[in-house]
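Counting in our numbering, the sequence shown runs from 24 upward without gaps.
We treat Cβ as the ideally placed atom computed from N, Cα and C, and that holds for glycine.
First up is the structure itself, then whatever we jot down about it.
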Amino acid sequence: MKRVSAAELERALGAWQGKPLRGGPDRIQAAVCLPLREGRSGLEVWAIKRPDKLRHHSREIAFPGGKPEPADADLLATALRETEEELGIERLRLRPLGPLTPVPTATSLFTLNPFLAEVLPGPEPRPDPAEVAHLITLRLDDFFDGRLPYSAIDIGPYLSPIFEFEPGAMYGATAHILLELLELYAEVTGREMPEPEMTKVIPWA
Numbered sequence: 024m025k026r027v028s029a030a031e032l033e034r035a036l037g038a039w040q041g042k043p044l045r046g047g048p049d050r051i052q053a054a055v056c057l058p059l060r061e062g063r064s065g066l067e068v069w070a071i072k073r074p075d076k077l078r079h080h081s082r083e084i085a086f087p088g089g090k091p092e093p094a095d096a097d098l099l100a101t102a103l104r105e106t107e108e109e110l111g112i113e114r115l116r117l118r119p120l121g122p123l124t125p126v127p128t129a130t131s132l133f134t135l136n137p138f139l140a141e142v143l144p145g146p147e148p149r150p151d152p153a154e155v156a157h158l159i160t161l162r163l164d165d166f167f168d169g170r171l172p173y174s175a176i177d178i179g180p181y182l183s184p185i186f187e188f189e190p191g192a193m194y195g196a197t198a199h200i201l202l203e204l205l206e207l208y209a210e211v212t213g214r215e216m217p218e219p220e221m222t223k224v225i226p227w228a
């Protein structure tokens, strides 16, 4: 099995064509970061579970991110700032690799703009407990080896993926973003994407 580096994903992003999802006009732009690091057994990405008492998106499985602030130069700067604030990783250790496809949310007027970033060697994350209840480490190869299967629900114009992790389910726009990362990883490694198990259980209901 081919071992892939973050640099190889960066090169592949140059010619990558995602599959945009349709969203309505006048959407609010937000940014998220997919922090990747080269672990001992391959590439890993960090996701988070939001705390119970947040005003918005409490208990959801997500990637670090949020809305732009006036000092942010662009949406990439927003994604990196939010990652530094939420995970306690210095921004200088976040090497941007490139963007994935923006994804509109179904339950709000936001569009999430995802960016991949390599986490350079250094101290382990120190998540902010006000923003992060659990830090979730996801080894990309586990999705292809059957250790992390996923399901999907048919919501009309497309299939919506659902990933079940120990702290809870990842669904909606965040799950679409993770799915695109896996599709990119599959292309770089030459592996076939795993097929989802179809379900009628709606985790956000």
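*From alanine 100 to proline 137, what distance separates their C-alpha atoms?*
Translated into the one-based positions of the sequence shown, residue 100 becomes position 77. Translated into the one-based positions of the sequence shown, residue 137 becomes position 114. Approximately 12 Å between the Cα atoms of the pair.
*Where serine 147 and serine 64 are concerned, what is the direct C-alpha to C-alpha distance, given to the nearest angstrom?*
Here residue 147 refers to the residue found at position 124 of the sequence shown. Here residue 64 refers to the residue found at position 41 of the sequence shown. Here residue 147 is glutamate; the residue named in the question, serine, does not match the sequence. Between glutamate 147 and serine 64, the C-alpha separation is close to 17 Å.
_Beta-carbon spacing of arginine 82, glycine 191 below 8 Å_ = As a first step, residue 82 must be located in the sequence shown, where it is residue number 59. As a first step, residue 191 must be located in the sequence shown, where it is residue number 168. Taking 8 Å as the Cβ cut-off, arginine 82 and glycine 191 qualify as a contacting pair.
_So for glutamate 107, helix, strand or coil by DSSP?_
Numbered from its first residue, the sequence shown carries residue 107 at position 84. Helix.
*Roughly how many whole angstroms lie between the Cα atoms of arginine 116 and alanine 30?*
For the purposes of this step, residue 116 is identified with residue 93 of the sequence shown, where counting begins at 1. For the purposes of this step, residue 30 is identified with residue 7 of the sequence shown, where counting begins at 1. Approximately 15 Å between the Cα atoms of the pair.
_Contact set for serine 28: own chain, Cβ-Cβ below 8 Å, skip 5 residues either direction_ = As a first step, residue 28 must be located in the sequence shown, where it is residue number 5. In the same chain as serine 28, and ignoring 5 residues on each side of it, the C-beta atoms closer than 8 Å to its own belong to Glu61 and Leu66, in chain order.
*Taking the DSSP output, what are the residues bridged to proline 138?*
Taking the sequence shown and counting its residues from 1, the one referred to as residue 138 is at position 115. Contrary to the premise, residue 138 reads as phenylalanine rather than proline in this sequence. Note: phenylalanine 138 sits in a beta bridge opposite Cys56 and Pro122.
*What span of residues does the alpha helix (DSSP H) with glutamate 203 cover, start to end?*
Taking the sequence shown and counting its residues from 1, the one referred to as residue 203 is at position 180. Segment 195-212, the alpha helix (DSSP H) holding glutamate 203.
*asked:* Helix, strand or coil for arginine 50? Go by DSSP, reduced to three states.
replied: The residue you call residue 50 lines up with position 27 of the sequence shown. Note: arginine 50 maps to coil in three-state DSSP.
*Give the single residue among Pro93, Arg114 and Ala94 whose Cα lies nearest to the Cα of glutamate 87.*
Counting from one through the sequence shown, the residue named residue 87 turns up at place 64. Here residue 87 is proline; the residue named in the question, glutamate, does not match the sequence. The candidate whose alpha carbon is nearest that of proline 87 is Arg114.
_According to DSSP, is threonine 160 part of a helix, a strand, or is it coil?_
Working through the sequence shown from its first residue, we reach residue 160 at position 137. The answer is strand: DSSP assigns threonine 160 an E or B state.
_Proximity of isoleucine 176 and valine 142 at Cβ, strictly below 8 Å_ = In the sequence shown, counting from the first residue as 1, residue 176 sits at position 153. In the sequence shown, counting from the first residue as 1, residue 142 sits at position 119. In this structure, isoleucine 176 keeps its C-beta atom at 8 Å or more from the C-beta atom of valine 142.
*In angstroms with no decimal places, state the Cα-to-Cα distance between glutamate 154 and proline 74.*
Position 131 of the sequence shown, counted from the first residue, corresponds to residue 154. Position 51 of the sequence shown, counted from the first residue, corresponds to residue 74. Distance between glutamate 154 and proline 74, taken at the CA atoms: about 6 Å.
*asked:* With H, G and I counted as helix, E and B as strand and the rest as coil, what does DSSP make of alanine 70?
replied: Residue numbering aside, residue 70 sits at position 47 when the sequence shown is read from its first letter. Here alanine 70 sits in strand by DSSP.
_Do alanine 140 and proline 119 have their beta-carbon atoms positioned less than 8 Å apart in this structure?_
Numbered from 1 along the sequence shown, position 96 holds the residue referred to as residue 119. Numbered from 1 along the sequence shown, position 117 holds the residue referred to as residue 140. Taking a C-beta distance under 8 Å as the contact criterion, proline 119 and alanine 140 qualify as a contact pair.
*In terms of alpha-carbon separation, which member of Ala85, Ala35, Asp97 and Leu44 lies closest to proline 180?*
Against the sequence shown, residue 180 aligns to sequence position 157. With distances taken between CA atoms, proline 180 lies nearest to Leu44 out of Ala85, Ala35, Asp97 and Leu44.
*Relative to the C-alpha of isoleucine 51, which residue among Ile84, Leu98 and Pro58 is closest?*
On the sequence shown, position 28 is the one that residue 51 refers to. Closest by C-alpha distance to isoleucine 51, out of Ile84, Leu98 and Pro58, is Leu98.
*So is alanine 96 buried or exposed if we call it buried at 16+ other beta carbons inside 10 Å?*
The residue labelled residue 96 in the question sits at position 73 within the sequence shown. So alanine 96 counts as exposed.
*Per DSSP, which residues does leucine 117 bridge with? Please list them.*
One-based indexing of the sequence shown puts residue 117 at position 94. Note: leucine 117 is bridge-paired with Val142 in the DSSP secondary-structure output.
_Bridge partner(s) assigned by DSSP for isoleucine 178_ = Translated into positions along the sequence shown, residue 178 becomes position 155. Beta-bridge annotation (DSSP): isoleucine 178 is not paired with any residue.
_Rounded distance between the beta-carbons of isoleucine 159 and alanine 102, thought under 8 Å_ = Looking up residue 102 in the sequence shown gives position 79. Looking up residue 159 in the sequence shown gives position 136. Incorrect: roughly 18 Å between the Cβ atoms, too far for contact.
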